[in-house]
Structures are given as structure tokens and as C-alpha cells.
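Q: Encoded as C-alpha cells, here's the structure I'll be asking about.
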Amino acid sequence: MAVVSTSLKSAPEDLPEAWHQERRSVSVLGSTGSIGCNTVDLLARNPDAFSVEVLTGNRNVKLLAEQAVRLKAKRAVVADESLYGELKSLLSGTNIACAAGEDAIIEAGAHPSDILVAAIVGTAGLKPTLEGARRGALVALANKETLVSAGALMTQEVKNGGATLIPVDSEHSAIFQVFDFERVQAVSKITLTASGGPFREKSLDEMQAMTPEQAVAHPNWDMGAKISVDSATMMNKGLEMIEAFHLFPVPSEAIEVLVHPQSVIHSMVSYVDGSVLAQLGTPDMRTPIAFALAWPKRMSAPSETLSLADIGTLTFEAPDTVRFPALRLARECLQTGGAAPTVMNAANEVAVAAFLGRKIGFLDIARVVEKVLDEGGLEPLSDLDAVFAIDAEARLRAAAVIDRL
Ligand SMILES: NC(=O)c1ccc[n+]([C@@H]2O[C@H](COP(=O)([O-])OP(=O)(O)OC[C@H]3O[C@@H](n4cnc5c(N)ncnc54)[C@H](OP(=O)(O)O)[C@@H]3O)[C@@H](O)[C@H]2O)c1
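Numbering-wise, the sequence shown is residues 307 to 711 according to our numbering.
As C-alpha cells, this is what we get:
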């Protein structure tokens, strides 16, 4: 069994000097998204604890400009170059610098800050997140696709750059909080909990007819469209299995998924003596974001207090890989390794976009991913250029599969 070494640091004494400062500087990649807005909310509530360097968005310049003014950011960056003029005029009269384009987003990752919150959705976040890793930032990682697509290479860059990865995904934040990094051999299993998404109780026939509106209506979490669809197919949990493999030093066989519809237990770690440690909380992303921003300390978050007495019952069930084949595909990709997760992630991004654009049905998402994986091209990844090339090729293949459906 292959055991990966962790890229996470567990001891506060390992922290870079800047980390001991009272006021930490933060940049947020994807500040206009769901994770981004939750991060902005926490930063706005704690102006004495955080200063803000750079905020980035893709197209939502109005919100980006509002956030930059509210947080007194030094710079605002929009990915879509055609919106540069609009951003500049929205920020005229302030001393907030503006920039636009993909290179400016990458530079936002490279710009000095103690913390880089990586909350762009999809592989678009890979290059700027890598810049944060290379300059030794504390990377608060929400953008799971970067670890799925380029896991081993990304964690190597984290080590080379002396960076620290703190997971923002609620499941991985939970595991991080109860994982004994000093006694890795004592860990027997990691259990990622899954809500099961909006279609947990739907039959395959019912799922075939599901619309984008129904897929994004998650029962517990309020999230961006792509991750909401991933939750509905359960590809999200598949991505998280691969993410967990790269974050925690356990073999792939020791990572399991358990459906827990109430989303109260965010994940668990089992130990060889039979103990199982879990982290619980109400489903509010501000809790894991606050954990990452304040680590290794704690800061208060406005999340609702958990009342188990009010909830009364917590339930659990095994995942159904027949109705949710994305989970099986992700498990196979994790075991195959090499470029398999990169191809799966790229094909999934294209298929989800096609579903949201009403070009394919809900069940076609996993079909497209499986067909692209069946075409092969899953050889080991030599370097990051290979990741980008394989990602681009898998996107073209996925588009071709969609055209043939
Ligand atoms: N939402 C959650 O609760 C949650 C929980 C765990 C993990 N995550 C992960 O966190 C990441 C973000 O999720 P989200 O739900 O916050 O997504 P989201 O609401 O769709 O936000 C995505 C952000 O990325 C920006 N963006 C999109 N395409 C871009 C591009 N090509 N270049 C630069 N920026 C781009 C968007 O800008 P615009 O707003 O201008 O489009 C927005 O700021 C995902 O990887 C997701 O899996 C999310």
C-alpha cells in the first residue's frame, strides 16, 4: 500500500515568521464566489486581525469593486479583460489598483500575502494557487480541483516553496482537526461524510429528467453552481476522496465515504484502538474558513450554534455507486493514479458546464466522464506542463463525446 507524505504542517513552531504576527495579510482568489463571499464576510468582521492585499473575480466586477472598497484592499483583479474599463471606473477615486486578464490573476497568487485563500472554481485556479505555494504562503485551499488535477506535483511545489496547505473543504477541515499527524500509524481509516445531495432518494429514471435548477438546489449547503452539480452527481465526494489522499498520509484504501444527510458530522478519523474522532458543526462554510484563517489559533465565526437536541437524530447510509457512478469512477481514478484524476476532473468540468447549459441530461455527466476515461491517455504525469496539456486534451475529448451523444 502506497502511503503519501503529508503536505500539511501540524506544529505551530513550523510556521513562517509572518504567521506569528498579530495582523495577517490576506489575498482572496475568487472573492466574488460563494466561498469568496463567506471569506469576505469574516474579513470584514475582523479588520484588526486581517489586512487585505488582492481580491479577484472572473466577471462580477460590481461585487468585486464593492468588496475591494469595503475591505480596503490594495488591488482588485478581474479575469475577463474586457471588463477592465468597468472595474477601473467603479474604483475611480479610490487608491485601489486594478488589473485584468489571466496573467493578472496568476500575479495575484504571486503577490505577497501571509494567507492566500484559493477559492476560484475549477482548474482555472491551478496556476495562481501554485504561485502561492511557490512563495511559501499559507494556502487556505477551497479549490479542490487543483489537488485532483495536479495532486502530487502541487504538494511537491508546496514542500519546495515552504508553503502550508490548510484545507477549507469542510470534510478535510474536519479531518485536519482530528488527525494525529504525530502518530500516523495509529490512523486506520478516514471517513468522508456526504449529504447525498438533492437526488439522494431519486431513482435513476427520475434523475434522468432532473434540471439544472433542481441539481443546484442543495438541501444543506448554499454553494456555487459547479460544486452544487458535483454534489448532486456525488462527483464532489469523488473529488474529495482524491483531495484527501493528497492532504493526509493514508493509503487510498483507507479513505471511505459515508452518506450522512444532516451534514452535522463533517468527517471522521478512525484509530487502531477503535476510537473514532469527528468534528461536528452546523453546515456553514464560515466555520472551516475561519479555522483556516486563524490557524493555529481560533477565531469566532457567526455560524449558528449546533444544537444536537434540536436535531434529535443523525442518520447514516452506505453510498450507492449504481445511482451515483461518479463515485465509482473517482475511486478507480484514485487507484489508477497518473493522469486519470486530471482527465476525470477536466471531463467533469466540461460535462457539468454542458449540463448547466442544457446540452446534456443529468445522467450524461458521468457517462461523458467515463467515455473520456475509457479512451485512455492516463499515463503518469511528468511535470506541470503535462498536467495542462492533458487537461486541455481531455476537455476537447469531452466536448467531442458530448457532440456525439
Ligand atoms: N461553495 C462551497 O460551499 C464550497 C465548499 C467546499 C469547497 N468549495 C470549492 O471552492 C471552490 C469555489 O467554489 P464556489 O462554490 O465558491 O464557486 P463559485 O461560487 O462559482 O465562485 C467561483 C469564483 O471563481 C471565479 N472564477 C470563475 N471562473 C474563473 C476564471 N476562469 N478565472 C478566474 N476566476 C474565476 C468566480 O468569479 P465570478 O464571481 O466573477 O464568476 C468566483 O469568484 C470550488 O473549487 C469548490 O469545489 C466550495
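Where a beta carbon is used, it is the ideal one built from N, C-alpha and C, also for glycine.
Helix, strand or coil: how does DSSP classify His-566 here?
A: Sequence index remark: in the sequence shown, residue 566 carries index 260 (1-based). In this structure, His-566 counts as coil in the three-state DSSP scheme.
Q: Once the 5 residues before and after Lys-495 are set aside, which same chain residues still bring their CB inside 6 Å of it?
A: Position 189 of the sequence shown holds residue 495. Excluding positions up to five away in sequence, the list reads Ala-560 and Ser-576.
Q: In chain order, what residues of the same chain lie with their CB nearer than 6 Å to the CB of Pro-631, ignoring the 5 residues before and after it?
A: Reading the sequence shown from its first residue, position 325 is the one you call residue 631. Closer than 6 Å at Cβ, skipping near neighbours: Ala-672.
Q: Under three-state DSSP, which class holds Arg-330?
A: Residue numbering aside, residue 330 sits at position 24 when the sequence shown is read from its first letter. DSSP places Arg-330 in strand when its eight states are reduced to three.
Q: Does the Cβ-Cβ distance between His-301 and Gly-502 come in under 8 Å?
A: Shown here, the chain extends from 307 to 711; a query on residue 301 therefore has no answer.
Q: Jot down the residue ranges of each uninterrupted beta strand (DSSP E) in the segment 624-684, minimum 3 residues, whole runs only, in chain order.
A: none
Q: Relative to the alpha-carbon of Leu-662, which residue among Ala-704, Val-522 and Val-367 has its alpha-carbon at the smallest distance?
A: Walking along the sequence shown from the start, residue 662 turns up at place 356. With distances taken between Cα atoms, Leu-662 lies closest to Val-522.
Q: Report the start-end ranges of each alpha helix (DSSP H) in the segment 459-491 that is 4 residues or longer and not cut off at the edges.
A: The qualifying runs are 476-484.
Q: Counting pairs of beta carbons, one from the segment 402-418 and one from the segment 431-440, are three or more of them closer than 8 Å?
A: Three or more beta-carbon pairs drawn from the segment 402-418 and the segment 431-440 are found closer than 8 Å, and the two stretches are therefore classed as touching.
Q: With a threshold of 8 Å on Cβ separation, who are the neighbours of Glu-681 within its own chain once the five nearest residues in sequence on each side are excluded?
A: Residue 681 sits at position 375 when you count from the first residue of the sequence shown. Taken in chain order, the residues that qualify are Arg-703.
Q: Can you tell me whether Met-444 is buried or exposed, with buried defined as 16 or more other CB within 10 angstroms of its CB?
A: Along the sequence shown, one-based indexing puts residue 444 at 138. Reading off the sequence, residue 444 comes out as Leu, not Met. Its Cβ being crowded by 16 or more others within 10 Å, Leu-444 is buried.
Q: Please classify Gln-491 as buried or exposed, where buried requires at least 16 neighbouring CB atoms within 10 angstroms.
A: For this step, residue 491 is matched to residue 185 along the sequence shown. The residue in question, Gln-491, is exposed, as its Cβ has fewer than 16 Cβ neighbours within 10 Å.
Q: Closer than 7 Å to a non-hydrogen atom of ligand 1 - does that hold for the CB of Ala-704?
A: Numbered from its first residue, the sequence shown carries residue 704 at position 398. No.
Q: Suppose the cutoff is 6 Å on Cβ atoms and the five residues either side in sequence are ignored; what does the same chain contact list for Gly-530 look like?
A: Indexing the sequence shown from 1 puts residue 530 at position 224. Result list for Gly-530: Gly-339, Ser-340 and Val-427, in chain order.
Q: Let me confirm a value: Lys-603 is counted as buried when at least 16 other C-beta atoms fall within 10 Å, else exposed. Which label applies?
A: Position 297 of the sequence shown holds residue 603. Answer is exposed; the Cβ neighbour count stays below 16.
Q: Below 8 Å on the Cβ atoms is my contact criterion, and I expect Leu-377 with Leu-349 to pass it. Report the Cβ-Cβ distance as a whole number of Å.
A: Mapped onto the sequence shown, residue 377 falls at position 71. Mapped onto the sequence shown, residue 349 falls at position 43. Their Cβ separation, rounded to whole angstroms, is 6 Å, which keeps Leu-377 and Leu-349 in contact under 8 Å.
Q: Please classify Leu-687: does DSSP put it in a helix, a strand, or coil?
A: As a first step, residue 687 is located in the sequence shown; it is residue number 381 there, counting from the start. Here Leu-687 sits in coil by DSSP.
Q: If Asp-347 sits next to Arg-592, beta carbons under 8 Å apart, how far is it from one beta carbon to the other, in whole angstroms?
A: One-based indexing of the sequence shown puts residue 347 at position 41. One-based indexing of the sequence shown puts residue 592 at position 286. Contact flag correct, Cβ pair sits at about 7 Å.
Q: Could you name the residues of the same chain whose beta carbon sits closer than 6 Å to that of Val-582, not counting the 5 residues immediately before and after it, in chain order?
A: If you number the sequence shown from 1, residue 582 lands on position 276. For Val-582, where only same-chain residues beyond five positions count, the Cβ hits under 6 Å are Met-574 and Ser-576.
Q: Return the Cβ separation of Thr-621 and Pro-567 in integer angstroms, given the expectation that the two are a contact with Cβ distance under 8 Å.
A: Within the sequence shown, residue 621 is the residue found at index 315, counting from 1. Within the sequence shown, residue 567 is the residue found at index 261, counting from 1. Their Cβ separation, rounded to whole angstroms, is 6 Å, which keeps Thr-621 and Pro-567 in contact under 8 Å.
Q: Between the C-alpha atoms of Lys-543 and Asn-401, what's the straight-line distance to the nearest angstrom?
A: For the purposes of this step, residue 543 is identified with residue 237 of the sequence shown, where counting begins at 1. For the purposes of this step, residue 401 is identified with residue 95 of the sequence shown, where counting begins at 1. The alpha-carbon atoms of Lys-543 and Asn-401 are separated by roughly 42 Å.
Q: Can you tell me whether DSSP reads Lys-543 as helix, strand or coil?
A: Here residue 543 corresponds to residue number 237 of the sequence shown, with the count starting at 1. In the structure shown, Lys-543 falls within a helical segment according to DSSP collapsed to helix, strand and coil.
Q: Measure the alpha-carbon distance for Met-307 versus Ala-446 and round it to whole angstroms.
A: As a position in the sequence shown, residue 307 is number 1, starting the count at 1. As a position in the sequence shown, residue 446 is number 140, starting the count at 1. Only weak support exists for where Met-307 lies, its pLDDT of 29 falling under 50; the value from the coordinates is given anyway. In a straight line, the C-alpha of Met-307 is about 29 Å away from that of Ala-446.
Q: Short check: CB of Leu-545 to CB of Val-423, under 8 Å?
A: For this step, residue 545 is matched to residue 239 along the sequence shown. For this step, residue 423 is matched to residue 117 along the sequence shown. For Leu-545 and Val-423, no; Cβs fall outside 8 Å.
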